[in-house]
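*Asks:* Take the sequence shown: its letters are residues 0 to 306, numbered as in numbering that gives the first Met the number 0.
This is the structure I want to talk about, given as C-alpha cells.
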Amino acid sequence: MDNQYDWSKHQFQQVEKKIITDQDVEKFKKTKILGELLTFLQSLIQSIQHKKISQTADNQKFQHIQQLFQQLEQLLLKVPPIQQSMRYGNKAFRDWLDQIGPIVDDYLKNQLPQNLQNAAVELRSYLLDSFGNKQRIDYGTGHEFQFFLFLFSLFRLGIYTEQDYEGIVRLAFYRYINFARKVQMTYMLEPAGSHGVWGLDDYQFLPFVFGAAELIQNEDGILPDCIIKDNIIKNYKAEYMFFQCIDFINNVKKGPFHEHSPILHSLTNLTGWEKVCSGLLKMFQGEVLFKHPVIKHTYFGTIVEFK
0 MDNQYDWSKH QFQQVEKKII TDQDVEKFKK TKILGELLTF LQSLIQSIQH
50 KKISQTADNQ KFQHIQQLFQ QLEQLLLKVP PIQQSMRYGN KAFRDWLDQI
100 GPIVDDYLKN QLPQNLQNAA VELRSYLLDS FGNKQRIDYG TGHEFQFFLF
150 LFSLFRLGIY TEQDYEGIVR LAFYRYINFA RKVQMTYMLE PAGSHGVWGL
200 DDYQFLPFVF GAAELIQNED GILPDCIIKD NIIKNYKAEY MFFQCIDFIN
250 NVKKGPFHEH SPILHSLTNL TGWEKVCSGL LKMFQGEVLF KHPVIKHTYF
300 GTIVEFK
C-alpha cells in the first residue's frame with residue numbers, strides 16, 4: 000500500500016501473532032513491512048541527529064497522546080503496589096492493566112478521525128501490549144517494540160506525516176519511555192527475556208539508538224567515552240536521551256558500571272557517535288527484530304501486514 004491508499008474504505012481486522020517458529024522469523028525477514036519499518040526507523044533517527052531535546056519544536060498533533068499518558072499516570076496513583084513478600088512482580092500491576100482499557104479506547108476515539116475509527120481494533124492491541132505482560136508481570140524490548148509499531152501504524156494511516164518525525168520521537172516515544180519507567184519502578188516489573196549483564200539493557204533498546212543519533216556531531220564536544228562520566232551524565236541528561244538512559248541504569252543498579260553494563264561500557268571504545276548509532280541499530284535487528292523469543296509476541300494485522 001502506498002501513501003495514496005484510501006484507508007477510510009479499508010477493512011480492518013483483529014490482529015494476531017504470526018511468528019511461531021524460527022522459520023517464521025526467516026519469513027519475516029523477507030516481508031515488505033520489515034523494509035518499511037526499518038525505513039521509518041531510519042527517518043526518525045535522521046530527524047533528531049545533532050539536535051538537543053530542548054530544541055524540539057512544539058507540535059499540536061501530539062496533544063492527544065500526551066493526554067493519554069497523563070491519564071495513565073493518574074491511574075498509577077489510584078492503583079498503588081500491594082504489600083507482598085516478593086520484591087519483583089507486584090500483583091497490583093494486573094489490576095492497573097485491567098483498568099487501562101477504557102482510557103485507551105477514549106484516546107483512540109479522540110486521536111482517530113471519524114473515517115478511521117474502525118482502525119482502533121488493530122491499534123488497541125499494540126497500545127495495551129506496550130506496558131508489560133499481565134501473567135508474567137514483566138516488561139522488555141518486545142513491549143517497547145509494540146509501542147513503536149503503534150506509532151508506525153499512526154504514520155501509515157496518515158495521522159502523522161514526514162513533517163512529524165521529530166515529534167514522533169521526542170513528543171510521543173520519549174513520553175512513552177518515561178512513563179514505562181514509572182510503571183516498571185512502581186510495580187517492580189521483571190525484565191522480560193533478560194540477558195543479564197550481557198544484554199544492552201534489561202528493559203529498553205530504542206532510546207539508546209535515538210540517544211546516540213542526537214549526539215552525532217553534537218555541539219558540546221561529547222564523545223562516546225563520556226557515557227561513564229558522572230558530571231557529563233548529570234549536566235546533559237536533560238538534553239540527550241542517551242544520558243537519561245545511563246542515569247536510569249545508575250539509579251537502579253549497584254556496583255561498577257563496567258560490571259553491570261559491560262555492553263554499554265564497551266561503547267566508550269568507539270571513536271564517534273555515528274559508529275555507536277549504526278552499531279546499536281544493527282544490534283536492535285539481531286536482538287529484537289530477528290530474535291524469536293522477542294518477536295514472536297508481535298501482532299500483525301492489515302496495517303502491519305505479515306506478507
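A virtual CB, placed ideally from N, CA and C, is assigned to each residue, including glycine.
Quantities reported herein were computed from a predicted structural model and do not represent experimental measurements.
1) According to DSSP, simplified to helix, strand and coil, what is residue 92?
2) Does the Cβ-Cβ distance between residue 103 and residue 12 come in under 8 Å?
3) In the DSSP assignment, what are the bridge partners of residue 235?
4) List, from N- to C-terminal side, the beta strand (DSSP E) runs of 3 residues or more that fit wholly inside the region 149 to 218.
5) Please go through the same chain and pick out, in chain order, the residues whose beta-carbon is closer than 8 Å to the beta-carbon of residue 232, but skip the five residues on each side of it.
6) Does any C-beta atom of chain C lie closer than 8 Å to the C-beta of residue 249?
7) Beta carbon of residue 163: closer than 7 Å to some heavy atom of the ligand ADP?
8) Would you mind sorting residue 46 into buried or exposed? The rule is 16 or more other CB atoms within 10 Å of its CB.
9) Tell me the residue span of the alpha helix (DSSP H) that contains residue 220.
10) What did DSSP end up calling residue 15 once you bin it into helix, strand or coil?
11) Below 8 Å between beta carbons: does that hold for residue 267 and residue 224?
12) Residue 250 lies in the alpha helix (DSSP H); which residues open and close that run?
*Replies:* Here's the rundown:
1) Residue 92: helix per DSSP, three-state reduction.
2) Going by C-beta atoms, residue 103 is not nearer than 8 Å to residue 12.
3) According to DSSP, residue 235 bridges with nothing at all.
4) Counting only runs of 3 or more, we get nothing.
5) Once the five neighbours on either side are set aside, the close Cβ partners of residue 232 are 226, 242, 245, 246, 249.
6) In the displayed structure, chain C is absent; only one protein chain is listed.
7) With respect to small molecules bound, the structure shown includes none, and the ligand ADP cannot be examined in it.
8) That one is buried.
9) Here residue 220 belongs to no alpha helix (DSSP H), and DSSP marks it neither H nor E.
10) Correct three-state label for residue 15: strand.
11) Between residue 267 and residue 224, the C-beta spacing is below 8 Å.
12) Unbroken alpha helix (DSSP H) run through residue 250: 240 to 251.
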